[in-house]
Amino acid sequence: MEPFIAMKIAILGAGAIGQLLAHQLATAGSKPVLLVKANQVEVDTPFVIEQQDGRKLRHFESYCVTDAQLPEVELVIVTLKAYQVTAALMAWLPKLPKQCHILLLHNGIGTHLELASRLAHHGLSLGTTSQAALKITPHTIKQTGTGITQFGHYCGTPISDELQQLLLTAIPDSCQVEHILTALWHKLAINAVINPLTAIEDIPNGALAAEKYQYTISAILAELMQVAELEGIELDGQFIAGRVKQVIELTADNYSSMHQDVAFQRPTEIDYINGYLVKRAQAHGIQLFHNQQLWQQIQQLSQH
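This is the structure we're talking about:
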């Protein structure tokens, strides 16, 4: 593990997933730092993770990066909400070294298009994870789900072999994939169905297995497949439909993140899910009736 310790990895986003990754990196011998405002965390308070079996592990102290340390950062993992990513990263970017690599690891899709032309010297990777965690207190999280984490190169200088190996070692069930956009579209299909429908209908995920939702689910996915083809993304429609059904069944008792955001009047990531599909469709000169409708309905719910 010794070669990993000197590596400086920063995490932008001290939410549940950001803290989960920090615990995993700390376990692998790294000392992850958090890119946060000075008043967001108590520096002397250790971060605690409660595992799914109820065991509590204290893995790392509250390492909050200072301006003097920023030139040493080699990788920034961005785990913010999609709508926060561009503004937050652009605020930190001038302080980061030119060789620093950026890994976007958040729900939704589209921030890579907003950022690619602005990153100049910085390499950009994209990722998606099925891991799940719940933030109990500002310094305590509970891991609520395991799953695969995929990441891959998007543009600029590729991530170094050393950093890649550290991520693969630290994050359980992680892998580097050649076609990362395809992986993101797989996740997009799941989110485009489950998130808006559960929020609009005020139901848990499993309720979407009912017959009355099957036409709408099929229509959402048909539009997604149409845009994917125009974007040059190769997807298997039958596999996608089966995967969406599987996730509905596996998370039957769960309430989606968008359902919770709407319920608690928080901003949603709809612009980077169904909204992204609509905008990409418009770029190709077509309209998406069902995804446009969902986008507008969530926007209306979020304003009330």
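Anchor point for the sequence shown: position 162 equals 162 in the UniProt record's numbering, and the numbering is continuous, going up by one each time. C-beta atoms are modelled at their ideal positions from N, C-alpha and C, and glycine is treated no differently.
Best match in the options for proximity to residue i [C-alpha to C-alpha]
i      : options                           : result
Thr129 : Ala116, Leu103, His112 and Gln287 : Leu103
Ala82  : Glu162, Ile109, Pro196 and Leu96  : Ile109
Thr137 : Ile9, His259 and Gln19            : Gln19
Gln150 : Asn291, Ile171, Ala189 and Thr198 : Ile171
Arg55  : Ser125, Leu12 and Gln143          : Gln143
Ile17  : Lys31, Ile77 and Ala209           : Ile77
Trp185 : Ala219, Leu163 and Gly232         : Gly232
Lys95  : Leu250, His112 and Leu35          : Leu35
Ile270 : Gln292, Tyr255 and Glu249         : Gln292
His139 : Gln300, Gly13 and Arg266          : Gly13
Tyr255 : Asp67, Ala116, Ala183 and Glu201  : Glu201
Spatial neighbours of residue i in its chain, beta-carbon cut-off 6 Å, leaving aside the 5 residues before and after
i      : result
Met1   : With a pLDDT of 38 at Met1, under the threshold of 50, the modelled position of this residue cannot be trusted; read the value that follows with caution. Correct list, in chain order: Gly29.
Ile180 : Leu126 and Gly152
Gly206 : Ala252
Val227 : Leu277, Arg280 and Ala281
Leu57  : Ile49
Leu294 : Pro196 and Asn274
Ala132 : Thr144 and Gly145
Leu75  : Ile9, His101 and Leu163
Ser257 : none
His259 : Thr198 and Ala199
Glu114 : Thr86
Straight-line Cα distance separating residue j from residue i
i           : j      : result
Ala87       : Thr27  : 30 Å
Tyr213      : Pro158 : 42 Å
Val85       : Leu126 : 13 Å
Leu277      : Glu50  : 36 Å
Ala210      : Gln176 : 36 Å
Gln297      : Pro204 : 18 Å
Gln24       : Gln287 : 43 Å
Gln282      : Ala222 : 16 Å
Ala263      : Phe47  : 28 Å
Thr146      : Asp53  : 12 Å
Ser302      : Asp161 : 43 Å
His284      : Leu230 : 7 Å
Ala6        : Phe289 : Interpretation of Ala6 is limited by its pLDDT of 49, a score under 50 that renders its predicted location unreliable; the figure taken from the coordinates is listed afterwards. Approximately 52 Å between the Cα atoms of the pair.
Thr268      : Arg118 : 25 Å
Asp261      : Lys98  : 36 Å
Gln246      : Ile148 : 15 Å
Leu105      : Thr79  : 5 Å
Ile248      : Leu208 : 7 Å
Gln300      : Trp92  : 32 Å
Ile240      : Glu234 : 11 Å
residue 305 : Tyr215 : In the structure displayed, the chain extends from 1 to 304; residue 305 sits before or after that span and is not available.
Pro71       : Asp236 : 44 Å
Leu250      : Asp67  : 44 Å
residue 308 : Ala22  : In the structure as shown, the chain starts at 1 and stops at 304, and residue 308 therefore has no counterpart that could be examined.
Thr45       : Lys31  : 15 Å
Ala116      : Thr169 : 27 Å
Those residues which DSSP pairs with residue i across a bridge
i      : result
Thr140 : Val48 and Thr137
Gly18  : Bridge partners of Gly18: none, in fact.
Leu10  : First, the amino acid is wrong: residue 10 is Ala here, not Leu. In DSSP, Ala10 forms a bridge with Val33 and Val76.
His153 : Ser125
Ser174 : Thr149
Arg58  : Val48
Ala132 : Gly145
7 Å Cβ shell around residue i - same chain, five flanking residues per side excluded
i      : result
Ile273 : Gly108, Leu188, Asn191, Ala192 and Asn195
Gln164 : Gln176
Close Cβ partners of residue i (< 8 Å) along its chain, the five nearest in sequence each way excluded
i      : result
Lys279 : Gly110
Gly123 : His101, Ile102, His153, Cys155, Gly156, Thr157, Pro158 and Ile159
Lys135 : Gly15, Ala16, Gln19 and Ile141
Val244 : Ala189, Ile190, Val193, Ile194, Ile217 and Leu221
Ala183 : Thr128, Gln150, Gly152 and Val177
Asp173 : Thr146, Gly147, Ile148 and Thr149
C-beta neighbour in chain C for residue i, strict 8 Å
i      : result
Gln265 : Of the protein chains in this structure there is only one, and it is not chain C.
**Item:** alpha helix (DSSP H) runs contained entirely in the UniProt domain "Ketopantoate reductase C-terminal" (180-301), provided each spans 4 or more residues
**Value:** Qualifying alpha helix (DSSP H) stretches, in chain order: 180-201, 214-230, 237-250, 257-263 and 274-283.
**3 or more residues per run - each beta strand (DSSP E) lying fully within the region 77-110** = If we require 3 residues or more, the beta strand (DSSP E) runs fully inside the region 77-110 come out as 101-105.
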